[in-house]
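Peer 1:
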């Protein structure tokens, strides 16, 4: 097993548990000499392909009411700021495409942007589905706003995100967050303690 | 808030995460001066009423394959013996009815029996759906086998289990395990750390 293999972190920018994972996975991996590949995907595509439904599909169900409370309680438990967004869930293809474009320019900028998108949605209640919000956040991370605006609508960038979703499905991803370490999959922010032990021990 | 309020532990005897919770919830509650009410229910009834599906409904799905692995890995993580049962899921109404009958006779016997049922299924791969297995486990816990055998088919005991399932649904239960502390619900064995902090702090 090669210590240097990056960890794959699959997520959707509208996933609250993905946001919680995003605030913890990098420092945890770094403590064990690992890098993390952040790979935004679209849960809509994943759910359609796997024939499943978002956990909050029926907002009046007992499960949905529980999960909405659990998002908030889990954030408090982990000590992570969280404010339930007024628009949820919402489309994230602009944010995901912008991420991949930025990643092609500058990995560090892409990471800064990804954190900013998640915090914009889950702390500042901003509409991250809007191209303008995405461009503002990318510009604040240091990107060229006009270049990114032009890139967002290109077939190449759309194809890139489509390919990432297909790669995720082929890797067995069925939700967000989905973390893969040396072929071992961990689903959900609540698997962080297991991820930590896995990194410490090389598997258990 | 009354410290003495018992914690409700809703579970199905065929639920692997329910089994993991059953091995931890009593000592954790006791450390905080709390008793636990064990309340077996039937997930089939819960899923039908809530319009949801068991997580392993389609055994070939990526989600089901992940969950089956996660049962086992979560048990290893928690240091709890676990052997995947050859028959799973399986009907649990006999075990649940026997539990309530025993509880009417002797709480301690009922608790011993409940642990024995879970371990019979998830450690010794026994068919706990069979009335004979249920009666053997109850007799080993100290119950009168013939009396229980006669009670198992009575309308009163069937009605008791039905009422418990209805009470669970009214309390917002949608899966197993589902733990309720002073009105706050915790779903899944992976919520044990949050349960522990809740008991320590009275809420967070």
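Chains as they are written, first to last, in this note's numbering: chain D, 22 to 225; chain B, 22 to 225.
Beta carbons: idealized from backbone N, C-alpha and C, even for Gly.
Since the structure is predicted, the reported quantities are computational estimates derived from the model, not experimental observations.
Using DSSP with H/G/I as helix, E/B as strand and the rest coil, what is residue 155/B?
Peer 2: In the second chain, the residue the question calls residue 155/B occupies position 134. Helix at residue 155/B.
Peer 1: Applying the 10 Å Cβ sphere with the 16-neighbour rule, what's the burial state of residue 22/B?
Peer 2: Your numbering for residue 22/B matches position 1 in the second chain. Caution applies to residue 22/B, whose pLDDT of 46 falls short of 50 and renders its modelled position unreliable; the value that the coordinates give is listed next. Residue 22/B comes out exposed.
Peer 1: Taking residue 165/B as the reference, give the member of 124/B, 212/B and 100/B with the closest Cα.
Peer 2: Position 144 of the second chain holds residue 165/B. Among 124/B, 212/B and 100/B, the Cα nearest to that of residue 165/B is on 124/B.
Peer 1: Can you give me the start and stop residues for the beta strand (DSSP E) that residue 30/B sits inside?
Peer 2: Working through the second chain from its first residue, we reach residue 30/B at position 9. Per DSSP, residue 30/B belongs to the beta strand (DSSP E) from 28–32.
Peer 1: Between residue 29/B and residue 59/D, what straight-line distance do the alpha-carbon atoms span, to the nearest angstrom?
Peer 2: As a first step, residue 29/B must be located in the second chain, where it is residue number 8. As a first step, residue 59/D must be located in the first chain, where it is residue number 38. C-alpha of residue 29/B to C-alpha of residue 59/D: approximately 40 Å in a straight line.
Peer 1: Which residues in chain D sit within 8 Å of residue 188/B, going by Cβ to Cβ distance?
Peer 2: Start at 1 with the first residue of the second chain, and residue 188/B comes out as number 167. Per Cβ cutoff of 8 Å: no residues; residue 188/B is ~13 Å from chain D at best.
Peer 1: I need the boundaries of the alpha helix (DSSP H) containing residue 216/B, first residue and last residue.
Peer 2: Indexing the second chain from 1 puts residue 216/B at position 195. Run containing residue 216/B: 213–222, per the alpha helix (DSSP H) assignment.
Peer 1: Excluding the five sequence neighbours on either side, which residues of its own chain have a C-beta within less than 7 Å of the C-beta of residue 41/D, listed in chain order?
Peer 2: Along the first chain, one-based indexing puts residue 41/D at 20. Taken in chain order, the residues that qualify are 95, 96, 99, 101 and 210.
Peer 1: What residue does the alpha helix (DSSP H) around residue 89/B start on, and which one ends it?
Peer 2: By one-based count along the second chain, residue 89/B stands at place 68. Segment 83–99, the alpha helix (DSSP H) holding residue 89/B.
Peer 1: Ordered along the chain, which non-local residues of its own chain (more than five positions away) have a Cβ less than 7 Å from that of residue 114/D?
Peer 2: Indexing the first chain from 1 puts residue 114/D at position 93. Closer than 7 Å at Cβ, skipping near neighbours: 63 and 182.
Peer 1: So, is the C-beta of residue 87/B closer than 7 Å to a C-beta in chain D?
Peer 2: Here residue 87/B is taken as the residue at index 66 of the second chain, counted from 1. Judged by the 7 Å Cβ criterion, residue 87/B is in contact with chain D.
Peer 1: Does the beta carbon of residue 33/B sit closer than 7 Å to a beta carbon anywhere in chain D?
Peer 2: For the purposes of this step, residue 33/B is taken as the residue at position 12 of the second chain. With 7 Å as the cut-off, residue 33/B does not count as an interface residue toward chain D.
Peer 1: If you check the beta carbons only, do residue 134/B and residue 167/B fall under 7 Å apart?
Peer 2: The sequence position of residue 134/B within the second chain is 113, counting from 1. The sequence position of residue 167/B within the second chain is 146, counting from 1. No, Cβ-Cβ distance for residue 134/B and residue 167/B is not below 7 Å.
Peer 1: Helix, strand or coil: how does DSSP classify residue 37/D here?
Peer 2: As a first step, residue 37/D is located in the first chain; it is residue number 16 there, counting from the start. Here residue 37/D sits in helix by DSSP.
Peer 1: Per DSSP, which one or two residues make a beta bridge with residue 57/B?
Peer 2: Looking up residue 57/B in the second chain gives position 36. According to DSSP, residue 57/B bridges with 28/B.
Peer 1: Is there a Cβ of chain D sitting closer than 7 Å to that of residue 92/B, yes or no?
Peer 2: To locate residue 92/B, count along the second chain from 1; it is residue 71. False, the Cβ-Cβ gap to chain D never drops below 7 Å.
Peer 1: Check whether the stretch 187–207 of chain D and the stretch 149–163 of chain D are in contact - that is, three or more C-beta pairs closer than 8 Å.
Peer 2: no
Peer 1: Ordered along the chain, which non-local residues of its own chain (more than five positions away) have a Cβ less than 6 Å from that of residue 53/B?
Peer 2: Position 32 of the second chain, counted from the start, is the residue given in the question as residue 53/B. The answer, listed in chain order, is 220.
Peer 1: Is there a Cβ from chain D that is less than 7 Å from the Cβ of residue 81/B?
Peer 2: Here residue 81/B refers to the residue found at position 60 of the second chain. No, because no Cβ of chain D sits closer than 7 Å to the Cβ of residue 81/B.
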